[in-house]
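Just so you know, we're using UniProt numbering here: the sequence shown kicks off at 1 and counts up by one.
Every residue, glycine too, gets a C-beta built ideally from N, C-alpha and C.
Predicted model, so just to flag it, every value in this text is computed and none were measured.
This report refers to the structure that appears directly beneath it.
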Amino acid sequence: MSSTKCIFQAQIGFCSECGSILPPLRDKGSISCYTCQNIFTVEAFQDRMTKYTIHFNAKDIDKDLNSKKQSTDDEGPIVDRKCPRCGNEKMSYATLQLRSADEGQTVFYTCVQCKFRESENS
(Lines of atoms letter the chains of each structure in order from A and count residues from 1; the text may use other names and numbers.)
(Lines give C-alpha, C1' and ligand atoms only; values in the text may rest on other atoms or scores of the structure.)
Protein backbone atom coordinates (compact mmCIF):
# COMPACT_ATOMS: atom_id res chain seq x y z
CA MET A 1 0.00 0.00 0.00
CA SER A 2 2.89 2.37 0.60
CA SER A 3 6.60 2.63 0.07
CA THR A 4 7.47 2.11 3.76
CA LYS A 5 7.32 -0.99 5.90
CA CYS A 6 3.77 -1.92 7.01
CA ILE A 7 3.36 -2.16 10.77
CA PHE A 8 -0.43 -2.55 10.84
CA GLN A 9 -2.67 -4.89 8.90
CA ALA A 10 -4.82 -1.90 7.94
CA GLN A 11 -8.05 -1.77 6.01
CA ILE A 12 -8.41 0.56 3.05
CA GLY A 13 -8.69 4.12 4.32
CA PHE A 14 -6.30 3.63 7.25
CA CYS A 15 -2.54 4.18 7.35
CA SER A 16 -0.56 0.92 7.51
CA GLU A 17 2.32 2.77 9.20
CA CYS A 18 0.54 4.42 12.17
CA GLY A 19 -3.08 3.23 11.94
CA SER A 20 -4.58 6.72 11.55
CA ILE A 21 -7.54 7.35 9.29
CA LEU A 22 -6.44 8.75 5.94
CA PRO A 23 -7.72 12.02 4.46
CA PRO A 24 -10.34 11.90 1.69
CA LEU A 25 -9.18 10.39 -1.60
CA ARG A 26 -8.59 12.74 -4.51
CA ASP A 27 -9.02 11.91 -8.20
CA LYS A 28 -5.31 12.16 -9.03
CA GLY A 29 -1.98 12.12 -7.28
CA SER A 30 -1.25 10.65 -3.90
CA ILE A 31 -2.43 10.91 -0.33
CA SER A 32 -0.22 11.76 2.63
CA CYS A 33 -1.11 10.58 6.14
CA TYR A 34 -1.62 13.59 8.40
CA THR A 35 0.02 11.83 11.36
CA CYS A 36 3.15 10.12 10.01
CA GLN A 37 3.39 11.68 6.52
CA ASN A 38 3.36 8.22 4.88
CA ILE A 39 2.48 8.56 1.17
CA PHE A 40 -0.11 6.36 -0.59
CA THR A 41 -0.85 6.24 -4.31
CA VAL A 42 -4.40 6.32 -5.63
CA GLU A 43 -3.95 2.76 -6.94
CA ALA A 44 -3.58 1.51 -3.37
CA PHE A 45 -7.29 2.14 -2.83
CA GLN A 46 -8.27 -0.60 -5.33
CA ASP A 47 -10.83 1.44 -7.28
CA ARG A 48 -12.81 2.11 -4.11
CA MET A 49 -15.30 4.94 -4.55
CA THR A 50 -15.48 7.40 -1.68
CA LYS A 51 -18.32 9.88 -1.20
CA TYR A 52 -18.54 12.51 1.47
CA THR A 53 -20.67 15.55 2.13
CA ILE A 54 -19.83 18.61 4.15
CA HIS A 55 -22.74 20.05 6.13
CA PHE A 56 -22.31 23.55 7.43
CA ASN A 57 -24.24 24.62 10.51
CA ALA A 58 -26.64 27.14 9.06
CA LYS A 59 -27.72 29.85 11.42
CA ASP A 60 -31.31 29.14 12.33
CA ILE A 61 -33.08 32.48 12.31
CA ASP A 62 -36.20 31.05 13.96
CA LYS A 63 -34.12 29.76 16.88
CA ASP A 64 -32.55 33.19 17.34
CA LEU A 65 -35.95 34.87 17.37
CA ASN A 66 -37.34 32.34 19.85
CA SER A 67 -34.36 32.68 22.19
CA LYS A 68 -34.69 36.48 22.17
CA LYS A 69 -38.39 36.16 22.87
CA GLN A 70 -37.79 33.74 25.74
CA SER A 71 -35.18 36.00 27.29
CA THR A 72 -37.72 38.85 27.43
CA ASP A 73 -40.41 36.57 28.92
CA ASP A 74 -40.86 36.27 32.66
CA GLU A 75 -38.29 34.14 34.39
CA GLY A 76 -39.58 31.81 37.07
CA PRO A 77 -42.93 31.41 38.78
CA ILE A 78 -45.30 34.36 39.19
CA VAL A 79 -46.36 35.53 42.66
CA ASP A 80 -48.69 38.22 43.99
CA ARG A 81 -46.22 40.91 45.03
CA LYS A 82 -46.48 44.64 44.39
CA CYS A 83 -43.68 46.21 42.34
CA PRO A 84 -42.27 49.22 44.22
CA ARG A 85 -41.50 51.03 40.95
CA CYS A 86 -44.64 50.69 38.80
CA GLY A 87 -47.20 49.27 41.25
CA ASN A 88 -47.91 46.14 39.22
CA GLU A 89 -49.28 43.30 41.39
CA LYS A 90 -47.37 40.43 39.71
CA MET A 91 -43.68 39.59 40.02
CA SER A 92 -41.66 36.52 39.06
CA TYR A 93 -39.00 35.13 41.35
CA ALA A 94 -35.88 32.98 41.45
CA THR A 95 -33.86 31.79 44.43
CA LEU A 96 -30.11 31.37 44.89
CA GLN A 97 -27.94 30.28 47.80
CA LEU A 98 -25.49 33.19 47.95
CA ARG A 99 -24.62 33.11 51.65
CA SER A 100 -23.34 30.25 53.78
CA ALA A 101 -25.30 27.00 53.94
CA ASP A 102 -26.66 27.65 57.45
CA GLU A 103 -28.36 30.87 56.29
CA GLY A 104 -31.42 31.26 54.09
CA GLN A 105 -31.58 31.72 50.34
CA THR A 106 -31.67 35.01 48.49
CA VAL A 107 -34.91 35.55 46.56
CA PHE A 108 -34.74 37.71 43.43
CA TYR A 109 -38.04 39.26 42.32
CA THR A 110 -38.58 40.68 38.82
CA CYS A 111 -41.59 42.76 37.84
CA VAL A 112 -43.40 41.19 34.90
CA GLN A 113 -44.33 44.63 33.57
CA CYS A 114 -41.35 46.99 34.01
CA LYS A 115 -38.63 44.35 34.71
CA PHE A 116 -37.59 46.08 37.95
CA ARG A 117 -35.49 43.72 40.10
CA GLU A 118 -35.20 43.51 43.85
CA SER A 119 -33.79 40.94 46.24
CA GLU A 120 -34.81 39.65 49.65
CA ASN A 121 -32.76 37.59 52.08
CA SER A 122 -34.95 34.88 53.55
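Coil, strand or helix - residue i by DSSP
i       : result
Phe-56  : coil
Arg-43  : The sequence shown places Glu at residue 43, not Arg. It is helical.
Val-112 : coil
Asp-102 : coil
Alpha carbon of residue i to alpha carbon of residue j, nearest angstrom
i      : j       : result
Phe-56 : Phe-108 : 41 Å
Cys-15 : Phe-45  : 11 Å
Glu-43 : Ser-32  : 14 Å
Contacting residues, own chain, Cβ-Cβ under 7 Å from residue i (five flanking each side not counted)
i       : result
Gln-97  : Gln-105
Lys-115 : none
Ala-94  : Glu-75, Gly-76 and Phe-108
Cut-off 6 Å between Cβ atoms - residues of its own chain near residue i, not counting five sequence neighbours on either side
i       : result
Arg-117 : Thr-110
Limits of the unbroken beta strand (DSSP E) element including residue i
i       : result
Glu-118 : 117-121
Tyr-93  : 90-96
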